[in-house]
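Note that this note's numbering gives residue 6 to position 6 of the first sequence, counting from 1, and the numbers run on in steps of one. Please read the structure below before turning to the comments.
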Amino acid sequence: MGKELTSRSEDYSQWYIDLVKKADLAENSDVRGCMVIKPYGYTIWENMQQGLDRMFKNTGHVNAYFPLFIPKSFLAREASHVEGFAKECAIVTHYRLKNAEDGSGVIVDPDAKLEEELIVRPTSETVIWNSYKRWIQSYRDLPILINQWANVVRWEMRTRLFLRTAEFLWQEGHTAHATAKEAEEETIQMLNVYADFVENFMALPVVKGRKSEGEKFPGAIDTYCIEALMQDGKALQAGTSHFLGQNFAKAFDVQFATKEGSLDYVWGTSWGVSTRLIGGLIMAHSDDDGLILPPKLAPIHVAIVPIFKSEEELQKITEKVNLISTELRKKGFAVKFDNRDTHKPGFKFAEYELKGVPVRLAIGPRDLENGTIEVARRDTKEKKVVSIDEVTTLIPALLDEIQQNIYTKALKFREEKTTHVDTFEQFKNVLDEKGGFVMAHWDGTPETEAAIKEETKATIRCIPLDAKEEAGKCVYSGKPSSKRVLFARAY
RNA sequence: CGGGGCGUAGCGCAGUCCGGUUAGCGCACCUGGUUUGGGACCAGGGGGCCGCAGGUUCGAAUCCUGCCGCCCCGACCA
């Protein structure tokens, strides 16, 4: 019927693209690599923002906004930072257009060249630390705990809706502290906030860990991350939190007078999650019939479909439904009563399944007679008929149960797809045949990491924070290792 | 940036090899009617610079040249 999805088993990445488009989350724009986030998709983002923003505020952060454009010279201040981003920057070189003399349209006015080119921010460390230099004189000005919600641009060669786009939306936290210890604690605190959010709102279990040298953020001393597993057995980095040390403070000369009267460079952190989370949300939970959204992020919690033949029937149903929706809205749920007479109930059922609405109610003449209503849950597809009087008290518990069930299912999947291996043969076999997370010993050298990546396409996703001390031998080099690290093929 | 594929109605495609009246199909859209507890049916209707520019020809979606754009697969990345 034009709405059918490619199945996951047939072509996982096509399934993903179909789903994003058919569930009306987003579409490609005319600018390569960019996307239009449609209202249904954007509402998911708004719900994410709401949850995260509250958590940021609760941990003492405030929001601010820094400019989109960064003077080119700023980016060059921190050597590894510029190296990390140089290859994917969009650059503004002119500030004016004019009509072409031959009438063929508009052209860039060559007389309007900028003295210094501006970089469209790929991330904001540089502009922000440039401000911090002015804001910080003394230990009394610290800490600064700022977050910003913004868009950034990274000129990627290959893009995929939500997972990797040239422009994306995110939040970036940038904090400044008087001591290394405090900054390190902040880094871990925000990692925990992310893990909490992803597990409790997105219903997606994550592994918290530290990145290897090769995988860490350009400009950071340490990068921590949360890694989630997608249904196709590939890993997705869901959030990162960086301990910046004094790198940016030194690059932007941000010093402060300590209590003791000496001068010291400020310690920094930065941390972010992006609209990529929406991609992860889709890939982690959804099925061949469409999206499955956790209630805590779903734009619509309950869709109500009336079944009617006549106008009078619809009238009677509407009266009942109004009571129910008012009650549910009072409890804080987003309810949609779909009283369109242009589509049949069956069409609507399929549509709400495609869009991942957690709970669907159906009510028709039969129900009016019996004082009942049909309740269907998206995650398990179970349907049951309940008394209309108790439906509004059942739904909050049902939504909680759905949230929990989605999480449990994802956790079980991850556990099944996490394999401990001790030889390189096993390592390769598991990656090719089973996929998922592979826990293996690693000798800690970048050379081994690179060689494994070269041979298997798998990377070290992280060194898990809860890794047990365990003597072993590196799967690749055979050299001694004290703990297992998490390998996977990744997005 | 290499390799492959594709641009024809809002979407998905056929037609192109072998040039020939008015460019076709499915979905979507509009109108009317019958329907409505799992993606309705019938009838009628609207919608096209056939990616752009040039050339060959009596005649080009179709052949030739150039350009532009997109998708897939690789090297780089949240």
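Quick reminder that beta carbons are idealized off the backbone N, C-alpha and C, glycines included. All values reported here derive from a predicted model rather than from experimental measurement.
Within 7 Å, strictly: CB atoms of residue i and residue j
i	j	result
Val62	Ala90	no
His301	Phe333	yes
Lys381	Ala23	no
Arg329	Val335	yes
Glu313	Pro365	yes
Asp492	Arg8	Given that the chain is displayed from residue 1 to residue 491, the structure contains no residue 492 and the question cannot be resolved.
Gln148	Phe85	no
Ser241	Leu204	no
Thr93	Glu116	no
Ser274	Phe168	yes
Val385	Glu374	yes
Phe248	Gly268	yes
Ala195	Lys211	no
Lys52	Gly41	Inspection of the sequence shows that residue 52 is occupied by Leu rather than by Lys. Result no, Cβ atoms of Leu52 and Gly41 do not sit closer than 7 Å.
Leu297	Asn47	yes
Ser124	Glu172	yes
Phe243	Asp264	no
Tyr476	Thr459	no
Met202	Met283	no
Arg340	Leu163	no
Glu327	Thr392	yes
Chain-order list of residues whose beta-carbon lies under 8 Å from that of residue i (same chain, five-residue window excluded)
i	result
Val305	Asp338, Pro345, Lys348, Phe349, Tyr352, Arg360, Leu361, Ala362 and Ile363
Trp15	Leu5, Thr6, Ser7, Arg8 and Asp288
Glu199	Pro205, Val206 and Tyr407
Ile188	Tyr224 and Ser241
Candidates the options, of which the one nearest residue i by Cα
i	options	result
Trp271	Ile226, Thr258 and Asp466	Ile226
Gly239	Met35, Lys336 and Gly280	Gly280
Thr165	Ser7, Glu185 and Cys34	Cys34
Ala490	Ala64, Ser9 and Gly436	Gly436
Arg461	Glu116, Ser477, Trp442 and Lys87	Trp442
Arg377	Asp389, Arg134, Leu394 and Ile388	Leu394
Lys234	Met439, Leu431 and Glu447	Leu431
Val152	Leu97, Trp170 and Phe252	Trp170
Met439	Arg160, Val385, Leu263 and Asp466	Asp466
Ala488	Arg414, Ser274 and Ser29	Arg414
Arg32	Arg160, Asn99 and Gly41	Arg160
Lys468	Tyr476, Gly209 and Arg484	Arg484
Pro358	Pro295, Glu46 and Glu390	Pro295
Thr342	Asp367, Leu229, Phe308 and Arg134	Phe308
Thr258	Thr223, Ile136, Pro122 and Asp379	Ile136
Pro299	Asn130, Pro122, Pro39 and Asp222	Pro39
Ile388	Leu323, Phe424, Lys331 and Glu416	Leu323
Thr43	Ala471, Leu293 and Thr223	Leu293
Glu213	Ala471, Ala228, Lys473 and Ile463	Ile463
Proximal residues to residue i (C-beta, below 6 Å), its chain only, five neighbours per side dropped
i	result
Tyr132	Ala176 and Val254
Ile17	none
Glu4	none
Lys87	none
Tyr12	Asp232
Val193	Met55
Asp367	Ile373
Ala100	Ile107
Met1	For Met1, the predicted structure reports a pLDDT of 37, less than 50, and the residue's modelled location is therefore unreliable. A value from the coordinates is still provided. Excluding positions up to five away in sequence, the list is empty.
Ile452	Tyr476
Opposing strand residues paired with residue i [DSSP bridges]
i	result
Cys462	Leu486
Phe437	Thr418
Ala26	Ile37
Leu293	DSSP, once it has assigned bridges, lists no residue as partnering Leu293.
Asp287	Gly290
Trp155	Trp155 pairs with nothing; no bridge assigned.
Trp170	Ala150 and Ser274
Pro110	Bridge partners of Pro110: none, in fact.
Arg164	Arg160
Lys384	Val375
Ala235	Leu229 and Ala490
Ile91	Ile119
Gly51	For Gly51, which the question treats as bridged, DSSP gives no partner whatsoever.
Pro480	Lys473
Cβ-based neighbour list, residue i, same chain, cut-off 7 Å, excluding 5 preceding and 5 following
i	result
Glu401	none
Arg77	Thr126, Ala251 and Phe252
Lys428	Thr456
Leu145	Gly60, His61, Val62 and Thr175
Lys331	Pro396
Is the region 107 to 118 touching the region 141 to 151, taking contact as three or more C-beta pairs under 8 Å? no
Indicate whether the contact test is met: 3 or more Cβ pairs, each with one atom in the region 51 to 60 and one in the region 71 to 80, closer than 8 Å. no
With contact counted as at least three CB pairs below 8 Å, one residue from each stretch, are the region 76 to 86 and the region 214 to 228 in contact? yes
Would you say the region 472 to 483 touches the region 441 to 458, given that touching needs at least three Cβ pairs under 8 Å? yes
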